[in-house]
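See below for the structure under consideration.
In this note's numbering, the protein residues as written are 9 to 349.
What follows is the structure, given as structure tokens:
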């Protein structure tokens with residue numbers, strides 16, 4: 009995979025494998041095709057049967073919540089408390105003045121066992137009960153489009169990753185489910201690092217930089233005790249039930265004000281994190297392939313060819329690491345080192 013990412017074309021890839029790995033041209037060509045197919049497969053939209061004979065009219069919804077993201081005011085009309093629980097908790101820290109005029113009005117409601125998403129009366133999508141995660145992802149995409157005046161075509165990808173930053177660069181944090189990405193992000197934020205995004209990290213084509221998403225950090229019950237010691241107001245944060253797993257969850261608001269914080273930063277480092285209380289803590293460089301195994305399956309990649317090419321260019325600029333840590337102090341120290349490199 010590393011050779012694929014660092015060679016400019018198929019011919020160069022084949023020559024490299026011939027010279028350095030003594031692989032026949034035929035087998036090298038097969039490898040090239042297999043890798044290309046893998047990357048193209050995650051870069052292709054699977055068409056759903058979205059034919060709709062008649063769209064439902066947007067109903068009048070009484071349950072409205074107003075949110076302020078810097079100079080952008082958003083009003084969301086929730087058709088039910090169940091739907092509100094899908095979106096509101098991670099943005100509750102931005103909820104505010106109901107008297108402000110909203111730039112954007114979002115309607116989320118149910119009809120005939122389907123959930124519908126409309127923005128400014130324009131239909132965005134419909135989702136079955138098993139697709140609530142798609143509704144959440146689409147809302148997040150529409151939110152960043154609104155905040156940054158972009159469209160879906162402007163983004164290379166949105167990654168299921170947390171991202172921390174300083175004033176100059178961002179470092180993306182990935183890991184297997186349950187490995188503590190968000191908990192580590194909260195620990196790092198408590199030690200002075202800035203949170204750029206939690207769970208949903210967008211990469212813009214124009215700049216090839218990661219953009220800020222003003223959501224709170226999702227914290228599962230198992231990490232409550234750790235974070236109570238770092239956040240004096242932690243006990244005051246409301247408890248919600250996770251929509252993906254039936255566990256209590258809290259959201260820690262970002263430390264930085266969205267209106268004044270840096271909106272986007274370059275990212276040339278990704279860290280695969282693995283919390284293991286029985287292990288010896290260490291940080292090591294790993295191949296990009298190791299990162300892609302986790303990064304790609306849970307991310308959205310633009311199906312547009314120019315954006316796909318930019319994604320491959322961006323991958324070539326990355327340095328990838330794996331951090332195994334047994335305590336948070338070590339993790340904080342290692343991230344401090346990475347920001348100095």
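Glycine included, each C-beta is placed from N, C-alpha and C at the ideal position.
- With respect to residue 76, residue 104 sits close: the two C-beta atoms are nearer than 8 Å.
- CA-to-CA, the gap between residue 138 and residue 306 works out to about 16 Å.
- In this chain, the alpha helix (DSSP H) harbouring residue 340 covers 336-348.
- Counting along the chain, the unbroken beta strand (DSSP E) around residue 292 starts and ends at 290-294.
- Contact between residue 208 and residue 223 holds: their C-beta atoms lie close to 7 Å from each other, under 8 Å.
- DSSP places residue 192 in the helix class (H, G or I) of the three-state scheme.
- Under DSSP, the beta-bridge partners assigned to residue 278 are 180 and 328.
- For the pair residue 41 and residue 21, the Cα-to-Cα distance works out to about 11 Å.
- Under DSSP, residue 218 forms a beta bridge with 211 and 273.
- Among the bridge pairs identified by DSSP, residue 103 is matched with 75.
- Around the Cβ of residue 286, a 10 Å sphere holds fewer than 16 other Cβ atoms; the residue is exposed.
- Distance from the CA atom of residue 303 to the CA atom of residue 183, rounded to whole angstroms, is 8 Å.
- A buried status is given to residue 195, since no fewer than 16 other beta-carbon atoms sit within 10 Å of its beta-carbon.
- Close CB contacts of residue 310 within its chain, under the 8 Å cut and outside five residues either way in sequence, are with 51, 160, 161, 163, 164, 165, 213, 316 and 319 (chain order).
- The alpha-carbon separation between residue 34 and residue 16 amounts to approximately 19 Å.
- If the five residues before and after residue 119 are omitted, its C-beta is found closer than 6 Å to the C-beta atoms of 64, all from its own chain and listed in chain order.
- In this chain, the beta strand (DSSP E) harbouring residue 134 covers 130-135.
- Listed in chain order, the non-local C-beta contacts of residue 179 below 8 Å within the same chain comprise 171, 172, 173, 275, 277, 278, 279, 343, 346 and 347, local neighbours out to five positions each way being set aside.
- A distance below 7 Å between beta-carbons, with the five flanking residues on each side excluded, links residue 192 to the following residues of its chain, in chain order: 181, 281 and 339.
- As DSSP reads the structure, residue 226 sits in a beta bridge with 259.
- Segment contact: the stretch 286-296 against the stretch 248-266, fewer than three CB-CB distances shorter than 8 Å; contact not assigned.
- Secondary structure at residue 120: coil, using DSSP grouped into helix, strand and coil.
- The DSSP-derived three-state label of residue 205 is strand.
- The Cβ neighbour count for residue 68, taken over all protein chains shown within 10 Å, is under 16; the residue is labelled exposed.
- DSSP places residue 234 inside the alpha helix (DSSP H), whose first and last residues are 232-236.
- Here the alpha carbons of residue 88 and residue 177 stand approximately 40 Å from one another.
- According to DSSP, residue pairing for residue 85 in a beta bridge involves 72 and 115.
- In the DSSP assignment, residue 169 falls outside any beta strand (DSSP E) and carries neither an H nor an E.
- In the structure shown, the three-state DSSP call for residue 12 is helix.
- The continuous alpha helix (DSSP H) containing residue 153 extends over residues 140-156.
- Beta-bridge annotation (DSSP): residue 298 is not paired with any residue.
- Rounded to the nearest whole angstrom, the C-alpha separation of residue 188 and residue 114 is 32 Å.
- In the three-state scheme derived from DSSP, where H, G and I count as helix and E and B as strand, residue 304 is classed as coil.
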